[in-house]
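Engineer: Structure provided below as structure tokens; questions to follow.
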Amino acid sequence: MATAKKTLRVSQALGHAITDKRLQILRSLSKAGSISQAARDAGVSYKAAWQAIDTLSNLSGVALVEKVVGGAGGGGARLTQAGQQLLDAAQRLGTARKQLMVDMQQSQSHQAMPKASLALTFRTSMRNQFLAEVTQLRRVGGLAWVTVELPDSTQLIAKITRESAQLLDLQAGVEVMVWCKATAVSMSLEPPVAAPANLLSGKVKRKSRSEPAEISLQISPNLNLIGFAQHPGIKSGDTVYAFFEDSSLVLALV
């Protein structure tokens, strides 16, 4: 039975600007012919470099890197034709994105509009999506705890791997998208006994009739959170606590 030819899925792989660390690793690899050197050039670990390559290959649907056997150095790695095509597409996309940002900034009086508009290009099943800014990064072993601040000054904590923090080049001042599944957010009339990583409170705007009840909670005038509650007595206007773990948050660059 003939195997269908795999084609490069450019749009799935290129979800961010030309400054993407993953693409930087591919560029360095194309010049150095070594994943170790590409990792050093990008300022990430060898493990993070491989994570970047594997992620891009998964999104692209084809192999982007192949091993080179032999030679004075005992072998190395190089980009496949698809890998080079991806870099070429990234260059063109980066140029177009930069021009789009300039055009939007010139046409919009509100400086937040370009970032918010570009955030609309993400399509996920996550009901809770926020723009935020990294304020603190704490690394312990193979993990990293990232504190982010939302526009209304609400702070959240996300737990990610050290490699992910490296690949996103996270540091104070970096703007990110914060995602959280509604099913990961629990709500109740009383705060939980055990303190969670993230604990917020607000007023109930809407509540479904189903059990568990889906609740839309207004944290501030421009910040709403979707979650679920088992408590049957919750009603619109009540002050309710929302809590969720740091591992339930996903960070993405915009």
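Heads up: take any position in the sequence shown, counting from 1, add 940, and you land on our numbering. Note that beta-carbon positions come from the ideal geometry of N, C-alpha and C, so glycine has one too. As the structure is a computational prediction, the values presented were derived from the model and not from experiment.
Measuring CA to CA, which of Val-1086, Asn-1138, Leu-1129 is closest to Glu-1115?
Structural biologist: Counting from one through the sequence shown, the residue named residue 1115 turns up at place 175. The shortest Cα separation from Glu-1115 among Val-1086, Asn-1138, Leu-1129 belongs to Val-1086.
Engineer: Can you tell me the Cα-Cα spacing of Ala-1098 and Pro-1172, whole angstroms?
Structural biologist: To locate residue 1098, count along the sequence shown from 1; it is residue 158. To locate residue 1172, count along the sequence shown from 1; it is residue 232. If you take the alpha carbons of Ala-1098 and Pro-1172, they lie about 30 Å apart.
Engineer: Please report the distance separating the alpha-carbon of Val-1144 from that of Pro-1091.
Structural biologist: Position 204 of the sequence shown, counting from 1, holds the residue named residue 1144. Position 151 of the sequence shown, counting from 1, holds the residue named residue 1091. C-alpha separation (whole angstroms): 20 Å.
Engineer: Tell whether a beta-carbon distance below 8 Å holds between Arg-1079 and Arg-1102.
Structural biologist: Residue 1079 sits at position 139 when you count from the first residue of the sequence shown. Residue 1102 sits at position 162 when you count from the first residue of the sequence shown. Going by C-beta atoms, Arg-1079 is nearer than 8 Å to Arg-1102.
Engineer: Under a three-way DSSP split, which group does Gln-1170 fall into?
Structural biologist: Taking the sequence shown and counting its residues from 1, one reaches residue 1170 at position 230. In this structure, Gln-1170 counts as coil in the three-state DSSP scheme.
Engineer: Alpha carbons only, please: which of Lys-1038, Ala-1169, Leu-1163 is nearest the one belonging to Lys-1147?
Structural biologist: Position 207 of the sequence shown, counting from 1, holds the residue named residue 1147. That would be Ala-1169, whose Cα lies nearest to the Cα of Lys-1147.
Engineer: Determine the extent of the beta strand (DSSP E) in which Thr-1087 is found, giving its start and end residues.
Structural biologist: Taking the sequence shown and counting its residues from 1, the one referred to as residue 1087 is at position 147. Taken as a continuous stretch (DSSP letters only), the beta strand (DSSP E) holding Thr-1087 covers 1083-1089.
Engineer: Run through the stretch 1058-1139 for me and flag every whole alpha helix (DSSP H) of 4 or more residues, listed as ranges in chain order.
Structural biologist: Counting whole runs of 4 or more residues, the stretch 1058-1139 contains the alpha helix (DSSP H) stretches 1102-1107.
Engineer: What are the start and end residues of the alpha helix (DSSP H) that includes Ala-989?
Structural biologist: As a first step, residue 989 must be located in the sequence shown, where it is residue number 49. It spans 986-1000 - the alpha helix (DSSP H) in which Ala-989 sits, taken as one unbroken run.
Engineer: For Lys-961, which beta-bridge partners are listed by DSSP?
Structural biologist: Reading the sequence shown from its first residue, position 21 is the one you call residue 961. Lys-961 pairs with nothing; no bridge assigned.
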